[in-house]
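2 protein chains.
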Amino acid sequence: MDLPDVSALTVAILGGTGDQGRGLALRLVKAGQRVLIGSRTAERGRAAGAEVGAEGGDNASVAAAADVVIVAVPWAGHAELLAELRAELVGKIVVDCVNPLGFDKQGPYALAVEEGSAAQQAAALLPESRVTAAFHHVSAPLLLDPEVASLDIDVLVLGDDREAAAVVQALAARIPGMRGIWAGRLRNAHQVEALTANLIAINKRYKAHAGVRVTDV
Amino acid sequence: MDLPDVSALTVAILGGTGDQGRGLALRLVKAGQRVLIGSRTAERGRAAGAEVGAEGGDNASVAAAADVVIVAVPWAGHAELLAELRAELVGKIVVDCVNPLGFDKQGPYALAVEEGSAAQQAAALLPESRVTAAFHHVSAPLLLDPEVASLDIDVLVLGDDREAAAVVQALAARIPGMRGIWAGRLRNAHQVEALTANLIAINKRYKAHAGVRVTDV
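See the structure below:
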């Protein structure tokens, strides 16, 4: 299936100072993408950007300057941040990769989300953005490991806007070893987010950085 | 990780006349497992068994005669059947592979289940059984295709009883190409069941029989 050329797009990563955000930034920069790391303060965003060869700034300014905005913040701050950035995100492709999980002594479990999933919450808060969901299962330690040249993982991309989803699939495919697989509408995002709890259980049991490959595609 | 020897166990498949049940029966028989196919009537169970080289009977009698009981019935009949078979299933390893899905003109979606998942419903109805969940994502057409010698798929096995889960993992591993990966407690079964909706969406988009492989394990 033909995917669009996304090499000229600017990608912002909100919450880009966390491991997942920095790891994605690092891999996208290496692939030749222009990446902006966003944080609460411009200084922190710039500092995190400098670490991985990206630019940086505060969340609002990087969101305004980008074509594609990856949301990699902790679930606890998800709704508040997106509500604040509604104006900056109008017309943008938003990629939600937030996993609403709880942890107790039995390990991780999926939290109930009123809107159904983090991605659907984003879509509800950002009615004028093109909301997709992806990159839920990408291991931050592998992304950040300089010894790992190729990521053996498929990225499940969800979205009701197929063209926006294709852009995100193409972005995932720029990272060596990674594929972007369209995996359904946003109403089917919950289980993809929640599957991260299973991958964490697998990681603990098998001492692995588990990811997912879709077979026969 | 060492898995137990399950070659001497008898496996019953409830709802074994459906495509998924017959497909699993066929592959397990080929692997040398003793398999009993259950159906509402003994005649139908025996007829379906004869097709794939298995024995057969009514659901209650095959459940009573087996060590491991795979539940492959439609979601609509799930609770009723398990409630009826509670006595026969005491002490048995029960493997729930039911996916509670709805379908509308936008395709498949996960149904809300009061207990959290089909597997948790089974555990609630069968307090004296060893309930696990597995085989959700196995493609019936591939299982039944005589040209497909090896299944390129991992089976995610869930269960609070680790020994029971290990038996199910070992059973999955008897089928060429298949691995059984422990993937968490029953409270994390919902997303594994629901992921079948995403695989159906993938199948439609890519004209595939999609399955899942866990990487780095």
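Quick note, the sequences are listed as chains A and B, same order. Here the first sequence is numbered in our numbering, starting from 1 and rising by one per residue. Here the second sequence is numbered in our numbering, starting from 1 and rising by one per residue. Backbone N, C-alpha and C fix where the C-beta goes; we use that ideal spot for every residue, glycine too. Remember, predicted model here, so these are calculated numbers, not experimental data.
query                                                                                                                                                                                     : result
From the DSSP output, in three-state form, read off Arg174/A for me.                                                                                                                      : coil
Could you check where the alpha helix (DSSP H) with Asp19/A kicks off and where it finishes?                                                                                              : 19-30
Check distances from the C-beta atoms of the stretch 161-184 of chain A to those of chain B and list, in chain order, the residues that come in under 7 Å.                                : Ile181, Trp182, Ala183, Gly184
What does Asp152/B touch in chain A if you count any residue whose Cβ is under 9 Å from its own?                                                                                          : Thr215, Asp216
Taking the beta strand (DSSP E) that Pro108/B belongs to, which residues open and close that run?                                                                                         : 107-110
Thinking Ile202/B and Val214/A are a contact (beta carbons under 8 Å), I'd like their distance in whole angstroms, please.                                                                : 6 Å
Please classify Ser150/B as buried or exposed, where buried requires at least 16 neighbouring CB atoms within 10 angstroms.                                                               : exposed
Going along the stretch 101-128 of chain B in order, which residues come within less than 7 Å of chain A, judged by CB to CB distance?                                                    : Gln106, Tyr109, Ala110
Check for me: the alpha helix (DSSP H) holding Leu199/A runs from which residue to which?                                                                                                 : 190-206
At the level of alpha carbons, what is the spacing between Ala134/B and Asn188/A?                                                                                                         : 20 Å
Going by alpha carbons, who is nearest to Glu114/B out of Ala79/B, Cys97/B, Leu126/B?                                                                                                     : Ala79/B
Give every residue of the same chain whose Cβ lies closer than 7 Å to the Cβ of His209/B, excluding the five residues on either side of it in the sequence, and list them in chain order. : Ser139, Pro141, Leu142, Asn203
Which same chain residues end up closer than 8 Å to Ala64/A when comparing Cβ atoms and leaving out the 5 residues on each side of it in sequence?                                        : Glu88
Please list the partners that Gly211/A has in chain B, where partner means a Cβ-to-Cβ separation under 8 Å.                                                                               : Val214, Thr215, Asp216
I want to know whether the stretch 19-37 of chain A touches the stretch 174-182 of chain A - three or more CB-CB distances under 8 Å.                                                     : yes
Looking at Val131/B: is its Cβ nearer than 9 Å to the Cβ of Asp104/B?                                                                                                                     : no
From the DSSP secondary-structure annotation, give me the bridge partner or partners of Leu158/A.                                                                                         : Ala133/A
Between Val90/B, Asn59/B, Ala110/B, Asp161/B, which has its C-alpha nearest Glu128/B's C-alpha?                                                                                           : Val90/B
Could you tell me whether any Cβ in chain A is nearer than 9 Å to the Cβ of Ala208/B?                                                                                                     : yes
Have a look at Arg27/A and Leu186/B and give me their C-alpha separation to the nearest angstrom.                                                                                         : 35 Å
Please report the straight-line C-alpha distance between Ala50/A and Leu14/A, rounded to a whole angstrom.                                                                                : 15 Å
Below 9 Å between beta carbons: does that hold for Gln121/B and Gln191/A?                                                                                                                 : no
Let's test the definition: count the other Cβ atoms within 10 Å of the Cβ of Asp154/B and tell me whether it reaches 16, buried, or not, exposed.                                         : buried
Any C-beta of chain A sitting closer than 9 Å to the C-beta of Ala50/B?                                                                                                                   : no
Just to confirm, is the Cβ distance from Val218/A to Glu193/A under 9 Å?                                                                                                                  : The structure shown does not extend to residue 218/A, since chain A spans only 1 to 217, so no value can be given for it.
Which runs of the beta strand (DSSP E), 3 residues or longer, sit entirely within the stretch 50-101 of chain B?                                                                          : 55-58, 68-71, 93-96
At a CB distance below 7 Å, what residues from the stretch 191-205 of chain A approach chain B? Give them in sequence order.                                                              : Gln191, Val192, Ala194, Leu195, Ala197, Asn198, Ala201, Ile202, Arg205
How about Tyr109/B and Trp182/A: do their beta carbons lie closer than 9 Å?                                                                                                               : no
Should Ala72/A go down as buried or exposed, given a rule of 16 or more other Cβ atoms within 10 Å for buried?                                                                            : buried
Tell me, which residues are paired with Arg34/B by DSSP?                                                                                                                                  : Thr10/B
According to DSSP, simplified to helix, strand and coil, what is Val212/A?                                                                                                                : strand
Could you name the residues of the same chain whose beta carbon sits closer than 6 Å to that of Gly23/B, not counting the 5 residues immediately before and after it, in chain order?     : Ala140, Leu143, Leu144
Can you list, in chain order, the residues of its chain with a C-beta nearer than 7 Å to that of Ala48/B? Leave out the 5 residues immediately preceding and following it.                : Gly16, Thr17, Arg22, Ile37, Ser39, Gly56
Is there at least one Cβ from chain A nearer than 9 Å to Arg27/B's Cβ?                                                                                                                    : no
Which of the residues in the stretch 17-48 of chain A, read from start to end, lie with their CB under 8 Å from any CB of chain B?                                                        : none
Can you find a CB in chain A that lies within less than 9 Å of the CB of Asn188/B?                                                                                                        : yes
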